[in-house]
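Under the working numbering, the first residue of the sequence shown is numbered 81, with each subsequent residue one higher.
In this text, a Cβ means the ideal position worked out from N, Cα and C, and glycines have one as well.
Notes for the one structure printed next.
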Amino acid sequence: MSSHHLVAVDWGTSSLRGALLDADGRVREEQSHPRGILSVKPGGFTEVFETLFGDWMRPLGTRCLISGMAGSKQGWVEAPYCPCPAGLSEVRAKVLEIEPGRISIVPGLNDSHDGVPDVMRGEEVQIFGAMALTGLRDGLFVLPGTHNKWARVKNGMVTGFRTFMTGELYSLLSQHSILARTLDTSAPLDEAAFLQGVTQSDNGQGLLHNAFGARTLALFDRMPTRELASYLSGILIGEELRTQSVHAAVDVVLIGSPALTQRYQLALQAAGTQARTLGAEATWAGLHAIHSTSHRKT
């Protein structure tokens, strides 16, 4: 194995994924485990890492680059945030060595709006990967998830971003509110009901009112139970999109799981905006890009 092989790891709160990349960034092997940072006992990160990735790391000269919550206060080692605007060089300069020459952690990004800080960990790597895969150096990069990110990129730099708790709010409303009594979250996406929710979110009445409609539509048999979860999802995502300023001339890239990017793509299309989508490959491409930046400097 070449010394230029890279073990790329995305270590999140509830799970982790890893990929073995060759010198050109091609994925040779992949693995995933339900071993997020919350499952690791204090002081146990080295043991977990060696158990899962020890075989990949054995050849002399192999490097590992880790992104995500492993760099948080609750993670392996806290990696201080890199302030926006930030590009590959700025992020690489703040990469934190855990085991010098062997294992490193990528810092997250921080931004501020009206004096209130905003942060991301892991999504910055996906954004750099998306830029590498698409060739874009300007645009709007949207990362749906539990805490959705909307990031602006100019000349290869993340100039700023905003976080929306849309995914977490959907989970709370659909599982722990009065709406949970009538919602079937296992039902497949109903595009018509979803887009109805997106449209309803723009009625000027606000999220707190519109969300209650997911109950009253069921109460008066105006919408089948199997469609209500899609409707609520549309309400929440529509509210999120309502706060954005998306112009037709701006390139929009969605990065995430197909189940989520499909919904955002539908909502954006309804607003007259086209978007391209990427998945897990953006993470590996981003870690490879940061690793390659390091090699160009050394």
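Looking at the secondary structure, which residues open and close the alpha helix (DSSP H) in which residue i lies?
i    : result
L321 : T305 to R322
D135 : F125 to M137
Could you have a look at residue i and say whether DSSP puts it in helix, strand or coil?
i    : result
T353 : coil
E361 : helix
P338 : helix
L216 : coil
R343 : helix
V205 : helix
S82  : Unreliable positioning characterises S82 in this predicted model, as indicated by a pLDDT of 43, which lies under 50. A coordinate reading is not provided.
Apart from the five residues on each side of it in sequence, which residues of its chain come closer than 6 Å, Cβ to Cβ, to residue i?
i    : result
A273 : E307, S310 and Y311
G366 : V205, Q206, F208 and G209
L380 : As displayed, the chain neither begins before 81 nor continues past 378, which places residue 380 out of reach and without an answer.
G247 : G225 and T226
R97  : D90 and S112
L340 : P224
K174 : C162 and P187
H371 : L86 and L145
N283 : none
G124 : none
A362 : Q206, G209, A210 and I335
L321 : A347
M200 : G188, L189 and K229
Round the Cβ separation of residue i and residue j to the nearest angstrom and send it over; I've been treating them as touching at under 8 Å.
i    : j    : result
G429 : S147 : The chain is shown from 81 up to 378; residue 429 falls before or after that span and cannot be answered.
T76  : L118 : Since the first residue of the chain shown is 81 and the last is 378, residue 76 is not available in this structure.
M237 : A166 : 6 Å
A88  : L145 : 6 Å
S254 : T265 : 5 Å
A355 : L348 : 5 Å
Y161 : L140 : That pair is no contact at about 33 Å.
V330 : L168 : Contact doesn't hold; Cβ gap of about 21 Å is too wide.
L223 : G352 : The pair is not a contact, with the Cβ atoms about 22 Å apart (cut-off 8 Å).
H136 : L100 : The question names His, but residue 136 in the sequence shown is Trp. That belief holds up - the Cβ atoms of W136 and L100 are roughly 5 Å apart, short of 8 Å.
Q154 : W230 : Actually they are not in contact, since the Cβ atoms of Q154 and W230 sit about 25 Å apart, beyond 8 Å.
L269 : Q342 : 7 Å
W384 : V128 : The shown model of the chain, from 81 to 378, leaves out residue 384, and the question about it has no answer.
Got a sec? Which residues, its chain only, sit under 8 Å from residue i by beta carbon, not counting five neighbours each side?
i    : result
I315 : G277, V278, Q280, S281, L287, N290, A291, G293 and A294
P338 : T357 and G359
L216 : A210, V233, D331 and V333
A298 : T262, T305 and L308
T373 : L168, S169 and R172
L132 : L96, G98, Q111, H113 and R115
D79  : Residue 79 falls outside the range modelled here, since the chain spans only 81 to 378, and no answer is possible.
M303 : A273, L297 and Y311
In the DSSP assignment, the beta strand (DSSP E) including residue i goes from what residue to what residue?
i   : result
V89 : L86 to W91
G98 : L96 to L101
Considering only residues of the same chain and omitting the five flanking positions on each side of residue i, which have a CB-CB separation below 7 Å?
i    : result
A369 : L168, F208, G209 and A212
G240 : C164, D191 and R232
E130 : none
K377 : With a pLDDT of 47 at K377, under the threshold of 50, the modelled position of this residue cannot be trusted, and the question is left open.
A267 : R306 and A309
L259 : L253, A294, R295 and L312
V120 : V128
Determine whether the Cβ of residue i lies closer than 9 Å to any Cβ atom of chain B.
i    : result
E361 : This model lacks chain B altogether, as it is built from one protein chain only.
Q: Only counting runs of 3 or more residues, tell me where the beta strand (DSSP E) segments fall wholly within the stretch 230-299, in order along the chain.
A: The DSSP assignment places complete beta strand (DSSP E) segments of no fewer than 3 residues inside the stretch 230-299 at 237-244, in order along the chain.
Q. Which runs of the beta strand (DSSP E), 3 residues or longer, sit entirely within the stretch 111-199?
A. Here the runs fully enclosed are 143-148, 176-179, 183-185 and 189-193.
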